[in-house]
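Trainee: This is the structure I want to talk about, given as structure tokens.
Protein chains: 2
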Amino acid sequence: MIDPAAAPFPPPFSFTLLATSGPARRGRMTTHRGDIETPAFMPVGTVGTVKAMYPEEVRATGADILLGNTYHLMLRPGAERVAALGGLHTFMDWPRPILTDSGGFQVMSLAKLRKLTEKGVTFRSHLDGTAYELTPERSIEIQTLLDSDIIMQLDECIALPAERGEMERAMELSLRWADRSKAAFGVQPQRALFGIVQGGDDAALRARSAAGLQSIGFDGYSIGGLAVGEPQETMFRVLAELTPLLPADKPRYLMGVGKPDDILGGIARGIDMFDCVHPTRAGRHGHAYTRFGVINLKNARHKDDPRPLDEASPNPNCRRFSRAYLHHLVRTEEMLGAMILSQVNLAYYQELVAGARQAIADDGFAAYAERIKAGWAGGDLPPNQGA
Amino acid sequence: MIDPAAAPFPPPFSFTLLATSGPARRGRMTTHRGDIETPAFMPVGTVGTVKAMYPEEVRATGADILLGNTYHLMLRPGAERVAALGGLHTFMDWPRPILTDSGGFQVMSLAKLRKLTEKGVTFRSHLDGTAYELTPERSIEIQTLLDSDIIMQLDECIALPAERGEMERAMELSLRWADRSKAAFGVQPQRALFGIVQGGDDAALRARSAAGLQSIGFDGYSIGGLAVGEPQETMFRVLAELTPLLPADKPRYLMGVGKPDDILGGIARGIDMFDCVHPTRAGRHGHAYTRFGVINLKNARHKDDPRPLDEASPNPNCRRFSRAYLHHLVRTEEMLGAMILSQVNLAYYQELVAGARQAIADDGFAAYAERIKAGWAGGDLPPNQGA
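Chains as they are written, first to last, in numbering that gives the first Met the number 0: chain G, 0 to 386; chain F, 0 to 386.
Laid out in structure tokens, this is it:
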């Protein structure tokens with residue numbers, strides 16, 4: 000990790016492409032709060048905490064960067080309050096990089112009485128009905144108050160399937176907001192500003208969005224408007240069409256994705272960054288991700304099983320607790336069950352992307368992905384014979 | 000810690016009185032799973048987990064021993080299942096000593112359709128209505144299946160205030176059950192069996208109970224039927240009358256007690272062991288125990304306060320997170336809030352008894368207790384001026 004005290008000026012944000020394996024990319028982002036090895040999975044610290052985990056536990060899984068949700072944080076505790084308390088890193092005791100979203104996605108999915116105009120969006124909090132306005136400029140201001148390292152432009156993300164006219168309208172609005180976001184962001188070399196490609200599942204719209212964003216110029220390019228209801232094959236097709244149109248020397252971030260299989264597919268199509276609440280949410284619901292695929296610990300097959308989740312895992316939590324104990328914790332709704340399984344899932348996600356990074360460096364990503372998927376297809380251990 | 004592999008036979012349970020300071024006692028219990036320094040506070044691992052904490056976190060607070068609840072464990076996952084999975088220590092990955100209660104107290108407070116007879120108690124699970132029978136013999140059997148290190152006799156615990164006749168009846172029944180418990184326990188030098196003194200708030204009944212139990216002979220003496228609705232002064236009076244009647248060379252355990260103030264008062268009256276769900280439950284409800292007393296983090300006075308709970312605490316969690324962050328976690332009902340505050344409170348309880356042990360060794364317990372209570376009386380930090 001870089002020691003800011005050792006350098007006269009903090010290093011600016013940068014991205015270096017280190018290796019490729021087909022379209023798959025191995026890279027590194029440098030920030031004044033530490034490096035981010037890519038492909039990277041970013042755990043989601045929704046409201047200033049990765050649910051059910053201490054920040055050092057999250058780091059120990061291998062995470063270089065967290066995601067914070069602007070919508071949640073602007074409501075509680077409020078961006079100005081976080082700034083007065085020293086910024087989000089200090090607030091949650093996570094000294095490493097943080098990426099924030101623009102807030103727009105959750106305004107669309109959670110807030111009440113939304114009204115979208117050219118200027119921005121007004122809405123009422125889903126918690127207490129308080130009225131807010133979010134504009135491209137205010138979103139940048141909030142993310143700066145949070146002291147985010149990687150900032151997203153405000154965009155309009157629509158669900159799929161959608162009419163072409165609607166996809167085009169939202170994409171064009173997002174481009175105009177991208178322009179205003181860039182102006183509001185100004186010159187801040189220690190932070191990165193990412194533009195967001197929209198355009199639904201339409202290749203021509205996606206291409207226009209990508210070109211428009213590049214003419215504005217961003218430090219990285221996010222891909223929004225996917226994993227919003229479309230089949231995985233549609234998402235993969237859009238990615239395969241889009242990533243060749245993005246600059247090779249900037250990071251590419253597929254927003255809100257996904258399950259392990261989505262992540263391998265995204266990496267295979269040239270994506271560098273991912274985030275998703277899925278691993279921690281699945282953990283809270285009793286699901287564990289391992290090299291055997293997903294294991295539902297609520298299932299009664301585990302109730303007498305003394306075997307750990309995966310005795311060959313590098314993660315101690317996968318080796319030290321029996322499936323019977325995990326089943327018991329899930330059935331009794333004990334917090335420790337959510338704590339362990341959130342950790343297990345984040346650790347598995349980090350193991351997955353760390354393996355991908357190594358495989359790309361060795362120019363063997365396709366074989367790596369096939370080997371991992373074969374493990375999942377093989378399924379969980381057979382039922383315990385002793386039980 | 001004792002290495003069982005190094006000894007040809009595991010050492011038997013024993014208790015050594017090391018020092019006194021007035022009636023306050025400094026001692027040590029030895030078990031084949033490790034020593035227990037007394038006065039000891041035992042965190043409650045209700046259903047096979049100290050809520051919201053990993054076992055190593057509990058150990059790191061200074062806990063030498065946990066308490067497991069027989070009632071909860073016999074319902075889920077079931078004593079025979081725990082035994083088949085290697086016992087409670089293996090099940091929950093806590094290799095150190097465990098004390099189990101008899102199940103009787105929670106049968107009385109939680110179960111449905113209870114029927115008490117000379118033989119024992121029948122009841123239906125509060126979870127699913129399944130019928131169970133708990134007798135003195137079955138309670139010993141269950142606690143042995145759990146592989147408990149310190150086993151409690153089954154007793155009948157009644158609430159206070161109560162009629163003298165009712166207190167006498169329950170006390171006499173508990174004595175007969177003590178006799179049967181001793182017979183059922185047999186000879187097991189690696190485990191301890193504790194009798195339970197009953198008799199409500201009546202000194203004569205308590206004395207008869209204490210004498211009756213000693214004529215049977217136990218490895219330790221629990222004091223039940225307190226902290227069941229009576230004022231603290233009543234509890235302290237009963238303790239002051241009772242502990243001189245108990246043998247000096249056996250440990251004394253005040254069951255289900257209590258708040259920090261109760262614990263200092265119990266130590267002052269010759270108690271060696273305590274347990275209570277209060278510190279973890281209070282933590283889940285947003286209350287933090289520190290040398291300033293109890294702090295309600297739900298209170299809006301903390302929302303802009305950058306100060307930690309207690310910057311002079313030896314516990315990192317008391318120093319690293321701002322009150323504003325803890326307030327935020329409590330208000331947003333994030334699990335991390337419960338995790339941190341459970342740890343903070345257990346660590347404070349352990350700090351309290353560790354200080355008492357040192358003070359007794361130095362023959363200065365009374366002054367120690369006054370100093371601690373003066374700290375609580377002084378109250379929390381004044382409101383943050385910067386806020």
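Ideal placement from N, C-alpha and C gives every residue a C-beta, glycine not left out. In this text the structure is predicted, and so the values were computed from the model without any measurement.
Does the distance from the CB of Val343 (chain G) to the CB of Gly336 (chain G) come in under 7 Å?
Mentor: For the purposes of this step, residue 343 (chain G) is taken as residue 344 along the first sequence, with counting starting at 1. For the purposes of this step, residue 336 (chain G) is taken as residue 337 along the first sequence, with counting starting at 1. For Val343 (chain G) and Gly336 (chain G), no; Cβs fall outside 7 Å.
Trainee: Taking all protein chains shown into account, decide if Asn316 (chain F) is buried (16 or more other Cβ within 10 angstroms of its Cβ) or exposed.
Mentor: Along the second sequence, read from residue 1 onward, the residue named residue 316 (chain F) stands at position 317. Buried, since its Cβ has 16 or more Cβ neighbours within 10 Å.
Trainee: Please report the Cβ distance between Thr99 (chain G) and Gln142 (chain G), rounded to the nearest whole angstrom; I am assuming they are in contact, meaning their Cβ atoms lie under 8 Å.
Mentor: Working through the first sequence from its first residue, we reach residue 99 (chain G) at position 100. Working through the first sequence from its first residue, we reach residue 142 (chain G) at position 143. 5 Å between Cβ atoms; contact.
Trainee: For the stretch 233 to 247 of chain F and the stretch 364 to 384 of chain G, state whether three or more C-beta atom pairs, one from each stretch, are separated by less than 8 Å.
Mentor: no
Trainee: State the DSSP-derived secondary structure class of Ser101 (chain F), mapped to helix, strand or coil.
Mentor: As a position in the second sequence, residue 101 (chain F) is number 102, starting the count at 1. If DSSP states are grouped into helix, strand and coil, Ser101 (chain F) belongs with coil.
Trainee: What number of angstroms, rounded off, separates the C-alpha of His326 (chain G) from the C-alpha of Gly363 (chain G)?
Mentor: Working through the first sequence from its first residue, we reach residue 326 (chain G) at position 327. Working through the first sequence from its first residue, we reach residue 363 (chain G) at position 364. Approximately 37 Å, taken between the alpha carbons.
Trainee: Should Lys249 (chain F) be labelled buried (16 or more other beta-carbon atoms within 10 Å of its own) or exposed?
Mentor: As a position in the second sequence, residue 249 (chain F) is number 250, starting the count at 1. Answer is buried; the Cβ neighbour count reaches 16.
Trainee: Could you tell me if Ser221 (chain G) is buried or exposed, where buried requires 16 or more neighbouring beta carbons within 10 angstroms of its beta carbon?
Mentor: The sequence position of residue 221 (chain G) within the first sequence is 222, counting from 1. That one is buried.
Trainee: Assuming contact is defined by CB atoms lying nearer than 7 Å, are Ile97 (chain G) and Asp148 (chain G) in contact in what I supplied?
Mentor: Walking along the first sequence from the start, residue 97 (chain G) turns up at place 98. Walking along the first sequence from the start, residue 148 (chain G) turns up at place 149. Yes, Cβ-Cβ distance for Ile97 (chain G) and Asp148 (chain G) is below 7 Å.
Trainee: Using 10 angstroms around the beta-carbon of Glu318 (chain G), count the other beta-carbons present and answer buried if the total reaches 16, otherwise exposed.
Mentor: For the purposes of this step, residue 318 (chain G) is taken as residue 319 along the first sequence, with counting starting at 1. The question names Glu, but residue 318 (chain G) in the sequence shown is Arg. Answer is exposed; the Cβ neighbour count stays below 16.
Trainee: Suppose contacts are defined by Cβ-Cβ distances below 7 Å. Is Ala267 (chain G) in contact with Ala23 (chain G) by that definition?
Mentor: To locate residue 267 (chain G), count along the first sequence from 1; it is residue 268. To locate residue 23 (chain G), count along the first sequence from 1; it is residue 24. Contact flag set, yes.
Trainee: Expressed to the nearest angstrom, what Euclidean distance is found between the alpha-carbon atoms of Gly377 (chain F) and Phe291 (chain F)?
Mentor: Numbered from its first residue, the second sequence carries residue 377 (chain F) at position 378. Numbered from its first residue, the second sequence carries residue 291 (chain F) at position 292. Taking the straight line from one Cα to the other gives about 7 Å.
Trainee: I'd like to confirm something about Leu145 (chain F): is its beta-carbon nearer than 6 Å to some heavy atom of the ligand PLP, or not?
Mentor: Only the bare structure without any ligand can be found here, which leaves the ligand PLP out of the picture.
Trainee: In whole angstroms, give me the CA-to-CA distance for Leu253 (chain F) and His301 (chain G).
Mentor: As a working note, residue 253 (chain F) is residue 254 in the second sequence. As a working note, residue 301 (chain G) is residue 302 in the first sequence. Computed Cα separation, rounded: 38 Å.
Trainee: Less than 6 Å between C-beta atoms, sequence neighbours within five positions excluded: which residues of the same chain meet that for Ala358 (chain F)?
Mentor: Translated into the one-based positions of the second sequence, residue 358 (chain F) becomes position 359. Phe364 and Tyr367, listed in sequence order.
Trainee: If you count every other CB in all the chains shown that lies within 10 Å of the CB of Val186 (chain G), and 16 or more means buried, which is it?
Mentor: On the first sequence, residue 186 (chain G) is found 187 positions in, with the first residue counted as 1. So Val186 (chain G) ends up on the exposed side.
Trainee: What residue does the alpha helix (DSSP H) around Thr69 (chain F) start on, and which one ends it?
Mentor: In the second sequence, counting from the first residue as 1, residue 69 (chain F) sits at position 70. Run containing Thr69 (chain F): Thr69 to Leu74, per the alpha helix (DSSP H) assignment.
Trainee: CA-CA distance, Ala386 (chain G) and Ala323 (chain G)?
Mentor: Within the first sequence, the letter at position 387 stands for residue 386 (chain G). Within the first sequence, the letter at position 324 stands for residue 323 (chain G). Note that Ala386 (chain G) scores a pLDDT of 44, beneath 50, so its modelled location is shaky; the value from the coordinates is reported in the next line. When rounded, the distance between both Cα atoms is 10 Å.
Trainee: With DSSP collapsed to three states, give me the class of Thr129 (chain G).
Mentor: By 1-based counting over the first sequence, the position of residue 129 (chain G) is 130. Of the three classes helix, strand and coil, the one that applies to Thr129 (chain G) here is coil, per DSSP.
Trainee: Looking at Pro278 (chain F): is its Cβ nearer than 7 Å to the Cβ of Tyr348 (chain F)?
Mentor: As a working mapping, residue 278 (chain F) is identified with position 279 in the second sequence. As a working mapping, residue 348 (chain F) is identified with position 349 in the second sequence. In this structure, Tyr348 (chain F) lies closer than 7 Å to Pro278 (chain F) by Cβ.
Trainee: Among F:Gly255, F:Ile339 and F:Arg283, which one has its Cα closest to the Cα of Ile195 (chain F)?
Mentor: For the purposes of this step, residue 195 (chain F) is taken as the residue at position 196 of the second sequence. For the residues F:Gly255, F:Ile339 and F:Arg283, the minimum Cα distance to Ile195 (chain F) belongs to F:Gly255.
Trainee: Taking C-beta to C-beta, are Asp201 (chain F) and Thr233 (chain F) nearer than 7 Å?
Mentor: Stepping through the second sequence from its first residue, residue 201 (chain F) is reached at position 202. Stepping through the second sequence from its first residue, residue 233 (chain F) is reached at position 234. Not closer than 7 Å, so no.
Trainee: Would you mind telling me which residues of chain G sit closer than 9 Å to Glu333 (chain F), beta carbon to beta carbon, in chain order?
Mentor: By one-based count along the second sequence, residue 333 (chain F) stands at place 334. Neighbours of Glu333 (chain F) on chain G, chain order: Thr45, Val46, Gly47, Thr48, Lys50 and Ala51.
Trainee: Can you check which of these residues, G:Trp176, G:Asp92, G:Asp146 and G:His71, is closest to Thr129 (chain G) by C-alpha distance?
Mentor: Stepping through the first sequence from its first residue, residue 129 (chain G) is reached at position 130. The candidate whose alpha carbon is nearest that of Thr129 (chain G) is G:His71.
Trainee: I believe Phe12 (chain G) touches Gln189 (chain G) by the beta-carbon criterion, under 8 Å. Please report the beta-carbon distance rounded to the nearest angstrom.
Mentor: Here residue 12 (chain G) refers to the residue found at position 13 of the first sequence. Here residue 189 (chain G) refers to the residue found at position 190 of the first sequence. Distance from Phe12 (chain G) to Gln189 (chain G) at the Cβ level is roughly 6 Å; contact confirmed, criterion being Cβ atoms closer than 8 Å.
Trainee: Let's test the definition: count the other Cβ atoms within 10 Å of the Cβ of Thr69 (chain F) and tell me whether it reaches 16, buried, or not, exposed.
Mentor: Along the second sequence, one-based indexing puts residue 69 (chain F) at 70. Buried, because 16 or more other Cβ atoms sit within 10 Å of the Cβ of Thr69 (chain F).
Trainee: Just curious, the alpha helix (DSSP H) that Asp260 (chain F) is in, first and last residue?
Mentor: What you label residue 260 (chain F) is simply residue 261 of the second sequence in a count that begins at 1. Taken as a continuous stretch (DSSP letters only), the alpha helix (DSSP H) holding Asp260 (chain F) covers Pro259 to Ala267.
Trainee: Would Met166 (chain F) and Leu204 (chain F) be called neighbours here (beta carbons separated by less than 7 Å)?
Mentor: As a working note, residue 166 (chain F) is residue 167 in the second sequence. As a working note, residue 204 (chain F) is residue 205 in the second sequence. In this structure, Leu204 (chain F) lies closer than 7 Å to Met166 (chain F) by Cβ.
Trainee: Can Gly33 (chain F) and Arg113 (chain F) be called in contact, C-beta distance under 7 Å?
Mentor: Position 34 of the second sequence, counted from the first residue, corresponds to residue 33 (chain F). Position 114 of the second sequence, counted from the first residue, corresponds to residue 113 (chain F). Not a contact, by the Cβ cut-off of 7 Å.
Trainee: How many whole angstroms separate the CB atoms of Asp261 (chain F) and Gln231 (chain F), which I take to be in contact at a CB cut-off of 8 Å?
Mentor: On the second sequence, position 262 is the one that residue 261 (chain F) refers to. On the second sequence, position 232 is the one that residue 231 (chain F) refers to. Their Cβ separation, rounded to whole angstroms, is 7 Å, which keeps Asp261 (chain F) and Gln231 (chain F) in contact under 8 Å.
Trainee: Starting from Asp63 (chain G), trace the alpha helix (DSSP H) both ways and give me its first and last residue.
Mentor: Residue mapping note: residue 63 (chain G) aligns to position 64 of the first sequence, counting from 1. For Asp63 (chain G), there is no enclosing alpha helix (DSSP H), since its DSSP letter is neither H nor E.
Trainee: Can you give the Cα-Cα distance for Ile157 (chain F) and Pro10 (chain F), rounded to whole angstroms?
Mentor: Position 158 of the second sequence, counted from the first residue, corresponds to residue 157 (chain F). Position 11 of the second sequence, counted from the first residue, corresponds to residue 10 (chain F). Rounded to whole angstroms, Ile157 (chain F) to Pro10 (chain F) spans 36 Å at the Cα level.
Trainee: My assumption, with CB atoms under 8 Å, is that Met272 (chain G) sits in contact with Met41 (chain G). Please give the rounded CB distance.
Mentor: Here residue 272 (chain G) corresponds to residue number 273 of the first sequence, with the count starting at 1. Here residue 41 (chain G) corresponds to residue number 42 of the first sequence, with the count starting at 1. Yes, Met272 (chain G) and Met41 (chain G) are in contact; Cβ-Cβ is about 7 Å, under 8 Å.
Trainee: Is the Cβ of Ala323 (chain G) closer than 7 Å to any Cβ of chain F?
Mentor: Within the first sequence, numbered from 1, the residue matching residue 323 (chain G) stands at position 324. By this cut-off, Ala323 (chain G) is an interface position.
Trainee: Using CA atoms only, rank isn't needed, just tell me which of F:Leu144, F:Asp127 and F:Lys118 is closest to Asp154 (chain F).
Mentor: If you number the second sequence from 1, residue 154 (chain F) lands on position 155. Ranking F:Leu144, F:Asp127 and F:Lys118 by Cα distance to Asp154 (chain F) puts F:Lys118 first.
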